[in-house]
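In what follows, a structure is listed as C-alpha cells, so that the remarks can point back to it.
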C-alpha cells in the first residue's frame, strides 16, 4: 500500500535525572532531505542516527529533533572562580562598586562559567535509540494512514477516467462519420467534378490520421497498470508518477486527434482528473 511523505512522530523518555524528547516531522520532497538538531554531546552519534532515520523513512523533507532537559541536581556548568574574581577586581579598580553588584556584572562576562565536556552515557544512548524506533513507528503509522486517504482518492479518480474512456469509445463511433460527412459536404460545395475512387482513397487516408484506436488501447493499459502498481506491497510514488505521464500523453493525443466537440469535452474532464492525481502524487513516498 502507498504511503504519504507527510507524517509526525514523537516519544518522551523520563530518566532519573533527565527528560529526553524525540520529534520527527516529514513533508514531501523529491529526495531525502534530513535536518537534525541535537545537543553537542551527541554530535558524534549524528551519522548513526541519520542512517537509522534514512533507512526507515527513505524519502521526504525530514526534521529530526533531540531535546535533553535536566530534571535532577546534576549540571555540567560550574563557576570559573578565578576568572570571576579577576573581573570583580578590575571593576573595583575602575569604579566604586559594591560586592553584590560587581559579582552580578562579573557573572555576565565571558568565561564566567565553564562547561565540562560530558561523555556519552551508553545506557542513556540506548534509551535514545529505543525512543527513536518508537517515534519512527509512529511516523510510519501516520504516513500509512495518510497513504490510505490518497489511495482512496486515486482509485476514485482512475475509476472516473476509465468511465470517461468508455464515453470516448461511444463517441468515437459517431465521430468519424461526422468528419466524413463534413468533408463530403465541403467538397460538394466546391461544385467540381471528382474521381470518386481517388476521392475515396484520399478520404480514407485522411480519416486514418484521426483514428484513436491505438491511443484508447494504450490508455486502458496504462490505467490498469496504475491500479496494479497502486496495490503492490511497496510504496513507489516515482513509478506511479511515470505512469501518470504516460496516461497524460495518451489523453493529449486523443484530444489533438478528436476534431469533434463532444469528444474534446470528455478529454478536458479526463485531463482535470489526471491533474488532481498528479497534485496528490507529489505526496506519495
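Residue numbers (the numbering used here): 1 to 285.
All C-beta atoms in this analysis are idealised placements derived from N, C-alpha and C, irrespective of residue type, glycine included.
For residue i versus residue j, is the C-beta spacing smaller than 8 Å?
i: residue 251; j: residue 219; result: yes
i: residue 7; j: residue 32; result: no
i: residue 134; j: residue 42; result: no
i: residue 179; j: residue 226; result: no
i: residue 71; j: residue 19; result: yes
i: residue 138; j: residue 10; result: yes
i: residue 235; j: residue 284; result: yes
i: residue 46; j: residue 38; result: yes
i: residue 1; j: residue 28; result: no
i: residue 171; j: residue 262; result: yes
i: residue 66; j: residue 161; result: no
i: residue 22; j: residue 131; result: yes
i: residue 210; j: residue 164; result: no
i: residue 24; j: residue 136; result: yes
i: residue 125; j: residue 109; result: no
i: residue 56; j: residue 79; result: no
i: residue 276; j: residue 244; result: no
i: residue 280; j: residue 152; result: no
Where DSSP assigns a beta bridge to residue i, which residues make up the other side?
i: residue 36; result: 64
i: residue 9; result: 24
i: residue 14; result: 19
i: residue 288; result: The structure shown does not extend to residue 288, since the chain is modelled only from 1 to 285, so the question has no answer here.
i: residue 69; result: 19
Hey, residue i and residue j are a contact pair by Cβ (cut 8 Å); roughly how many whole angstroms apart?
i: residue 144; j: residue 3; result: 6 Å
i: residue 169; j: residue 239; result: Rounded, the Cβ-Cβ distance is 27 Å, inconsistent with contact.
i: residue 173; j: residue 212; result: Residue 173 to residue 212, Cβ: 12 Å. No contact.
What does a CB cutoff of less than 8 Å around residue i pick up in its chain, not counting 5 residues either side in sequence?
i: residue 91; result: 97, 102, 105 and 106
i: residue 247; result: 161, 219, 222, 223, 226 and 274
i: residue 150; result: 2, 4, 280, 283 and 284
i: residue 58; result: 32 and 285
What residues in its chain sit with their C-beta under 7 Å from that of residue i, if we drop five residues either side in the sequence?
i: residue 271; result: 251
i: residue 34; result: 50, 53, 54, 62 and 64
i: residue 267; result: 251, 254, 255 and 258
i: residue 30; result: none
i: residue 68; result: 18, 20 and 39
i: residue 264; result: 255 and 258
Measuring only from the beta carbon, is residue i closer than 7 Å to any heavy atom that is part of the ligand GTP?
i: residue 88; result: As presented, the structure is devoid of all ligands, the ligand GTP included, so that no description of it is given.
So, at 6 Å on beta carbons, what are the nonlocal neighbours of residue i in its own chain, with the 5 sequence-adjacent residues on each side left out?
i: residue 269; result: 164
i: residue 84; result: 106 and 112
i: residue 12; result: 21
i: residue 141; result: none
If you scan the stretch 213–282 from start to end, which runs of the alpha helix (DSSP H) of 4 or more residues do you find wholly inside it? 213–230, 237–258 and 261–281
In chain order, each alpha helix (DSSP H) run of at least 4 residues that lies wholly inside the stretch 71–135: 81–94 and 99–106
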